[in-house]
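Numbering (my numbering), first residue to last: 1025 to 1237. Take a look at the structure below.
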């Protein structure tokens, strides 16, 4: 019986990535739902800033289901600095309720390959094991910077082998949670839960003024 070669554990080589082209590819539905499962809501505008400050991300691609009536959501995300790619959605009856289905897996993989010559390193933001092959390929080509996983307690076991490259969002609540700000402008969450793209959008209300009598 031949001796089997032991696999060498992956090691993360620390480098200074400033000045390099770092692109992030984000599975919005996986991120949004995984964060909400932890009892808080992600401020996507803050997350974009976090990616830039922490990993020097120059372009952040957000893959999201296209739903009529969600234009305010899309405008907000564009204003926050994301490049949006849409997946047409289907409404599927599930008993008495209708569910919106619009998985973005194929679109994310496709555009990560289209942009492949243009970036030095890529960040994949998801906990979905369907992206295992993409992550493995980027690692083999020395183009993987990180896999950012929304929930450390719920993600694919296929990613375990990439452990040195994994980062988790559970401890980022204080930095990235969507909060109502009590200032001169009042913000409130615009919920879109029926469409599953229930990302929080700052909705600005004018302060009510009272005249002195």
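Beta carbons are placed, not taken as given, at the ideal position from N, Cα and C, and that holds for glycine.
Problem set entry | Coarse secondary structure for residue 1099, derived from DSSP in three states | The answer is helix: DSSP assigns residue 1099 an H, G or I state.
Exercise. Given residue 1079, which residues of its chain have a CB within under 8 Å of its CB, disregarding the five upstream and five downstream residues?
Worked result: Around residue 1079: 1041, 1046, 1048, 1147, 1169 and 1170.
Exercise. Below 8 Å, can you find three or more Cβ-Cβ pairs linking the region 1055–1066 to the region 1156–1167?
Worked result: Segments in contact, no.
Problem set entry | Reduced DSSP category for residue 1048 - H, G, I as helix; E, B as strand; rest coil | Note: residue 1048 maps to strand in three-state DSSP.
Exercise. In the region 1175–1201, which residue ranges form an unbroken beta strand (DSSP E) of at least 3 residues, counting only runs that do not cross its ends?
Worked result: The region 1175–1201 is shown to contain whole beta strand (DSSP E) runs of 3 or more residues at 1190–1192, in chain order.
Exercise. If you drop the 5 nearest sequence neighbours on each side, which residues of the same chain put their C-beta closer than 6 Å to that of residue 1112?
Worked result: So the qualifying residues of the chain are 1090.
For this session: Give the secondary structure of residue 1128 by DSSP, where H, G and I count as helix, E and B as strand, and everything else as coil.
Result: Coil at residue 1128, not helix or strand.
Exercise. For the beta strand (DSSP E) that contains residue 1084, what are its first and last residues?
Worked result: From DSSP, the beta strand (DSSP E) with residue 1084 extends over 1081–1090.
Exercise. Looking only at DSSP bridge pairs, what is residue 1146 linked to?
Worked result: DSSP output for residue 1146 lists 1047 and 1168 as bridge partner(s).
Problem set entry | Residue environment, residue 1212, which counts as buried when at least 16 other CB atoms sit within 10 Å | Confidence is the limiting factor: at residue 1212 the pLDDT is only 32, short of 50, which leaves the residue's position unreliable, though a coordinate-based value still follows. Residue 1212 comes out exposed.
Problem set entry | Same chain only: Cβ atoms within 7 Å of residue 995, ignoring 5 sequence neighbours per side | This structure cannot settle anything about residue 995, because the visible part of the chain is limited to 1025 through 1237.
Exercise. Are there 16 or more other CB atoms within 10 angstroms of the CB of residue 1051, so buried, or fewer, so exposed?
Worked result: Under this definition residue 1051 is a buried residue.
For this session: Sort out for me which residues DSSP pairs residue 1112 with in a bridge.
Result: Listed as beta-bridge partners of residue 1112 by DSSP are 1090.
For this session: Please look up how many angstroms separate the CB atoms of residue 1074 and residue 1200, rounded, as I've assumed it's under 8 Å.
Result: Their Cβ separation, rounded to whole angstroms, is 6 Å, which keeps residue 1074 and residue 1200 in contact under 8 Å.
Exercise. Between the beta-carbon of residue 1069 and the beta-carbon of residue 1104, is there less than 7 Å?
Worked result: With contacts defined by Cβ atoms closer than 7 Å, residue 1069 and residue 1104 form a contacting pair.
Exercise. Around the C-beta of residue 1193, are 16 or more other C-beta atoms found within 10 angstroms, so that it is buried, or is it exposed?
Worked result: Result: buried.
Problem set entry | Sheet register partners of residue 1158 (DSSP bridge) | DSSP output for residue 1158 lists no bridge partner at all.
Problem set entry | Strand pairing of residue 1107, partner residues [DSSP] | In DSSP, residue 1107 forms a bridge with 1085.
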